[in-house]
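Enquirer: Position one of the sequence shown corresponds to residue 83 (this note's numbering), numbered consecutively onward. Quick reminder that beta carbons are idealized off the backbone N, C-alpha and C, glycines included. Can you keep this structure in mind? I'll have questions shortly.
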Amino acid sequence: MDLKVYNTLTREKEVFQPLHEGMVGIYVCGPTVYDHPHLGHAKSYVSFDVIVRYLRYLNYKVRYVQNITDVGHLTDNADQGEDKIEQRARLERVEPMELVEKYMRSYFEDMDTLNILRADISPRATGHIPEQIELVEKLLEKGFAYEVNGSVYFDVRRFNRYGRLSGRRLDELQSSVRIEPNPEKRYPLDFALWKKALPGHIMRWKSPWGEGFPGWHLECSAMSMRYLGETFDIHGGGLENVFPHHECEIAQSEAANEKPFVRYWIHNNMVNVGGQKMSKSLGNFVTLKGAFAMHPPMVVRFFILNSHYRSPLDYTKEALEAAASGLEHLLIPVKAVRERLRHAKESTPEETILEKINGHKGLFLKAMDDDFNTAEALAALFQFSREVNIILGSGQEVSRQALSEIDSFYRTFGGEILGVVAEAPSIKVDEKGEESLIKLLIELRERLRQARQWQLADEVRGRLGDLGVVLEDKPEGTEWRRRL
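Quick look at the structure:
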């Protein structure tokens, strides 16, 4: 089955055919690093992480570029004031680049915690000012841009395909977007390529038009083309970036080069909190560090993958608790298989088990080939786990090769592609007396419960949980197992 991708530009699923056989170039809009990452970042970057992982599973050589915006931008409608990075730097009383370093480290820390693979190239906007100036000069030379008082604007009426990505004409866009009057612009929808730096603006660079800084949309065009070429395969980002950001990227890039900019535009949907769009102004803003304080990072990743990347994600306490339970149930047979493998004997592999593995592999791949449908892929993984539980619970002896094939299925599809199934636990039973220590703590907890010291007993249970040890209280006593 061919991989099909929903292309925002054409509004339909298309068979994926890269520009160069066996190679894929993908650019995803990265964060503006002026605050800690939030759930919206997780939704986007977990989604594209799985897309990149799956493309590599299909044996494509992928070059993944994700920028770091380390120069804050005024919106197209703002002509005065400070950008976000400067505002936050003044608030924290640090240099803008000091602030950038702090929150860039925070971003990578949270992405690593979510098991998101690092991009092959993470270019920073401030490191590519020459390329951005060169692109502005090219647009001026071709008559698609004009300079006014040290600022340069793109003339959208000169580019007759403007609005194609968002599916709206210029008059529709103008009537639907609130735009503050700007006497420098020839047309209200014209957007800034380069902005003159007013007195007091800290982040500024010399240019042919005087000291200033790049417009919001310019950096992504300059950096994507620098590392992927004037035409490349996939450009990704949040749905909220379709207009104006990606619409403007297309206009300036195709006007400059007179060739298609991107073949497939992929956009992930947004995060809601309790049914409302996540927003700082609404007070429902959830940072990843805040989410991790309440839920293990892999639960957050699993929660995101339970919905299609093009579907909105509704964050609630109940939804995360359900995700935690779901992930736990998924991982129980993984642990059981790996425990069995330690004692399994070599024998002829059972054909029926191998046939079932191949059948579930087909279901998983069918889901991923249908526009990276991780929700259906997880459903296939759960169906496979039900079969595994039946096999393990049948009492029959299972060959080492069959168990290895089952484990390989989990490692490849649950780990390598979806990134929610970890490698075997680093803490091994029977090493350095760890099992005896766990049993001792369980006995201590039982004594505390008998003494009705419930808070201390719960603390012991919680600390064991932090170490990946899950307790199950049963009539015949407390049993324990490791969480993967």
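If you scan the stretch 359 to 386 from start to end, which runs of the alpha helix (DSSP H) of 4 or more residues do you find wholly inside it?
Expert: Counting only runs of 4 or more, we get 370 to 376.
Enquirer: Could you check which residue in S306, I348, F295 and S335 has the C-alpha nearest to that of T92?
Expert: On the sequence shown, position 10 is the one that residue 92 refers to. When only C-alpha atoms are compared, the closest one is I348.
Enquirer: Could you check whether the stretch 331 to 339 touches the stretch 144 to 153, counting it as contact only if at least three pairs of C-beta atoms, one from each stretch, sit closer than 8 Å?
Expert: No: the two stretches stay apart, fewer than three of their Cβ pairs being nearer than 8 Å.
Enquirer: Please state whether the Cβ-Cβ distance between L436 and E487 is less than 8 Å.
Expert: Numbered from 1 along the sequence shown, position 354 holds the residue referred to as residue 436. Numbered from 1 along the sequence shown, position 405 holds the residue referred to as residue 487. Against a cut-off of 8 Å, the Cβ pair of E487 and L436 comes out as a contact.
Enquirer: Is the distance from the Cβ of E569 to the Cβ of P113 below 8 Å?
Expert: Past the boundaries of the shown model lies residue 569; the chain is included only from 83 to 566, so the question cannot be answered.
Enquirer: Please state the DSSP three-state secondary structure of D489.
Expert: Taking the sequence shown and counting its residues from 1, the one referred to as residue 489 is at position 407. In the structure shown, D489 sits in a helix (DSSP, three-state: H, G or I).
Enquirer: Quick check on P270: does DSSP put it in helix, strand or coil?
Expert: Residue 270 sits at position 188 when you count from the first residue of the sequence shown. P270: coil per DSSP, three-state reduction.
Enquirer: Going by C-alpha to C-alpha distance, which of E229, V147 and C302 sits closest to R268?
Expert: Sequence index remark: in the sequence shown, residue 268 carries index 186 (1-based). That would be E229, whose Cα lies nearest to the Cα of R268.
Enquirer: Report the residue ranges of all beta strand (DSSP E) runs contained in full by the stretch 425 to 458; include only those spanning at least 3 residues, in chain order.
Expert: Taking only runs of at least 3 residues, no beta strand (DSSP E) segment lies wholly in the stretch 425 to 458.
Enquirer: So, using beta-carbon positions, are L485 and R422 closer together than 8 Å?
Expert: Your numbering for residue 485 matches position 403 in the sequence shown. Your numbering for residue 422 matches position 340 in the sequence shown. Contact flag set, yes.
Enquirer: Roughly how many angstroms separate the alpha carbons of A406 and T398, rounded to a whole number?
Expert: Here residue 406 is taken as the residue at index 324 of the sequence shown, counted from 1. Here residue 398 is taken as the residue at index 316 of the sequence shown, counted from 1. A406 and T398: Cα-Cα distance of roughly 12 Å.
Enquirer: So for V58, helix, strand or coil by DSSP?
Expert: Absent from the structure is residue 58, since the part of the chain shown begins at 83 and ends at 566.
Enquirer: Measure the Cβ-Cβ separation of S188 and H118 and say whether it is below 8 Å.
Expert: Within the sequence shown, residue 188 is the residue found at index 106, counting from 1. Within the sequence shown, residue 118 is the residue found at index 36, counting from 1. Yes; because the gap between Cβ atoms is below 8 Å, this pair is in contact.
Enquirer: Whole angstroms are fine: how far does the CA of K288 sit from the CA of D158?
Expert: For the purposes of this step, residue 158 is identified with residue 76 of the sequence shown, where counting begins at 1. For the purposes of this step, residue 288 is identified with residue 206 of the sequence shown, where counting begins at 1. Residue confidence for D158 is low, a pLDDT of 49 falling below 50, so the modelled location carries little weight and cannot support an answer.
Enquirer: Buried or exposed: which applies to G107, given that a residue is buried once 16 or more other Cβ atoms fall within 10 Å of its Cβ?
Expert: Residue 107 sits at position 25 when you count from the first residue of the sequence shown. Buried is the call here.
Enquirer: What are the partner residues of F148, as DSSP defines its beta bridges?
Expert: In the sequence shown, counting from the first residue as 1, residue 148 sits at position 66. A quick correction: the sequence has Gln, not Phe, at residue 148. Its beta-bridge partners are V110.
Enquirer: State the start and end residues of the unbroken alpha helix (DSSP H) segment that holds K184.
Expert: Looking up residue 184 in the sequence shown gives position 102. Here the alpha helix (DSSP H) through K184 covers P178 to T195.
Enquirer: Please list the segments of the beta strand (DSSP E) lying wholly inside the stretch 284 to 361, counting only runs of 3 or more residues, in order along the chain.
Expert: Fully enclosed beta strand (DSSP E) runs of 3 or longer: 294 to 296, 314 to 320, 344 to 350 and 353 to 355.
Enquirer: Is the distance from the Cβ of V552 to the Cβ of M380 below 8 Å?
Expert: Position 470 of the sequence shown, counted from the start, is the residue given in the question as residue 552. Position 298 of the sequence shown, counted from the start, is the residue given in the question as residue 380. Cβ atoms of V552 and M380: not closer than 8 Å.
Enquirer: So which of V110, A462, G550 and L526 has the shortest CA-CA distance to T560?
Expert: For the purposes of this step, residue 560 is taken as residue 478 along the sequence shown, with counting starting at 1. Of V110, A462, G550 and L526, the residue nearest in Cα terms is L526.
Enquirer: From Y185 to S204, what does the alpha carbon distance come to, in whole angstroms?
Expert: For the purposes of this step, residue 185 is taken as residue 103 along the sequence shown, with counting starting at 1. For the purposes of this step, residue 204 is taken as residue 122 along the sequence shown, with counting starting at 1. Answer to the nearest angstrom: the Cα atoms are 15 Å apart.
Enquirer: Exposed or buried, what is N323 when buried is set at 16 or more other beta-carbons lying within 10 Å of its beta-carbon?
Expert: As a working note, residue 323 is residue 241 in the sequence shown. With 16 or more Cβ atoms within 10 Å of its Cβ, N323 is classed as buried.
Enquirer: Is it the case that the Cβ atoms of Y146 and D202 are separated by a distance below 8 Å?
Expert: Within the sequence shown, residue 146 is the residue found at index 64, counting from 1. Within the sequence shown, residue 202 is the residue found at index 120, counting from 1. Contact flag set, yes.
Enquirer: In angstroms, rounded to a whole number, what distance separates the CA positions of A404 and H411?
Expert: Residue 404 sits at position 322 when you count from the first residue of the sequence shown. Residue 411 sits at position 329 when you count from the first residue of the sequence shown. Taking the straight line from one Cα to the other gives about 11 Å.
Enquirer: Could you spell out where the alpha helix (DSSP H) holding F130 opens and where it closes?
Expert: Position 48 of the sequence shown, counting from 1, holds the residue named residue 130. Element bounds for F130: L121 to Y139.
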